[in-house]
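Q: Take a look at the following structure, please.
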Amino acid sequence: MDDNTVLIGTKPLMSYILAVVTQFNSGKSEVVIKARGKAIVRAVDTAEVSTRQFLTGVVKKSISISTDSVETEEGPANVSSIEIVLQKS
Numbered sequence: 001m002d003d004n005t006v007l008i009g010t011k012p013l014m015s016y017i018l019a020v021v022t023q024f025n026s027g028k029s030e031v032v033i034k035a036r037g038k039a040i041v042r043a044v045d046t047a048e049v050s051t052r053q054f055l056t057g058v059v060k061k062s063i064s065i066s067t068d069s070v071e072t073e074e075g076p077a078n079v080s081s082i083e084i085v086l087q088k089s
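Quick note on numbering: the sequence shown equals residues 1 to 89 in UniProt numbering.
As structure tokens, this is what we get:
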């Protein structure tokens with residue numbers, strides 16, 4: 001994992017927004033937000049709130065979706081994932 005990547009989990013939304021803002025304030029020109037499963041909603045919210053309310057001059061460079069295969073107790077399962085790349089313009 002790169003140091004400009006924010007992995008979305010179950011923490012409050014503001015924790016992830018703060019992580020994104022901190023990345024940009026530390027000089028990064030690009031930040032990647034990644035999430036799987038139910039956390040995808042929180043990833044989209046993180047990107048939207050970050051770009052609309054906290055960061056001026058930051059745009060969504062790319063958004064990619066995919067399906068990951070993971071092993072569970074019941075066997076293999078497919079989990080949706082998203083990757084949102086934010087970039088200073």
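Backbone N, C-alpha and C define an ideal beta-carbon position, used for all residues, glycine too.
Between the stretch 36-47 and the stretch 82-89, do at least 3 Cβ pairs fall closer than 8 Å?
A: In short, these stretches touch, since the Cβ pair count reaches three.
Q: Keeping to the same chain, check which residues put their C-beta closer than 6 Å to that of residue 76; ignore five residues upstream and five downstream.
A: For the purposes of this step, residue 76 is taken as residue 76 along the sequence shown, with counting starting at 1. Within the same chain, residue 76 has close Cβ partners 69.
Q: Exposed or buried, which one is residue 50 when buried takes at least 16 other CB atoms within 10 Å?
A: Indexing the sequence shown from 1 puts residue 50 at position 50. Buried, since its Cβ has 16 or more Cβ neighbours within 10 Å.
Q: Threshold first: 4 residues or longer. Then list the alpha helix (DSSP H) segments lying entirely within the UniProt domain "DNA/RNA-binding protein Alba-like" (4-66), N to C.
A: Listed in chain order, the complete alpha helix (DSSP H) runs (minimum 4 residues) inside the UniProt domain "DNA/RNA-binding protein Alba-like" (4-66) are 13-25 and 40-49.
Q: Is residue 24 closer than 8 Å to residue 31 when the C-beta atoms are compared?
A: Taking the sequence shown and counting its residues from 1, the one referred to as residue 31 is at position 31. Taking the sequence shown and counting its residues from 1, the one referred to as residue 24 is at position 24. Contact flag set, yes.
Q: Tell me which same chain residues have a C-beta within less than 8 Å of the C-beta of residue 13, skipping the five on either side of it?
A: Against the sequence shown, residue 13 aligns to sequence position 13. Answer for residue 13: 42, 45, 46 and 49, listed in chain order.
Q: Alpha carbons only, please: which of 60, 61, 59 and 55 is nearest the one belonging to residue 22?
A: In the sequence shown, counting from the first residue as 1, residue 22 sits at position 22. Nearest option by C-alpha distance: 55.
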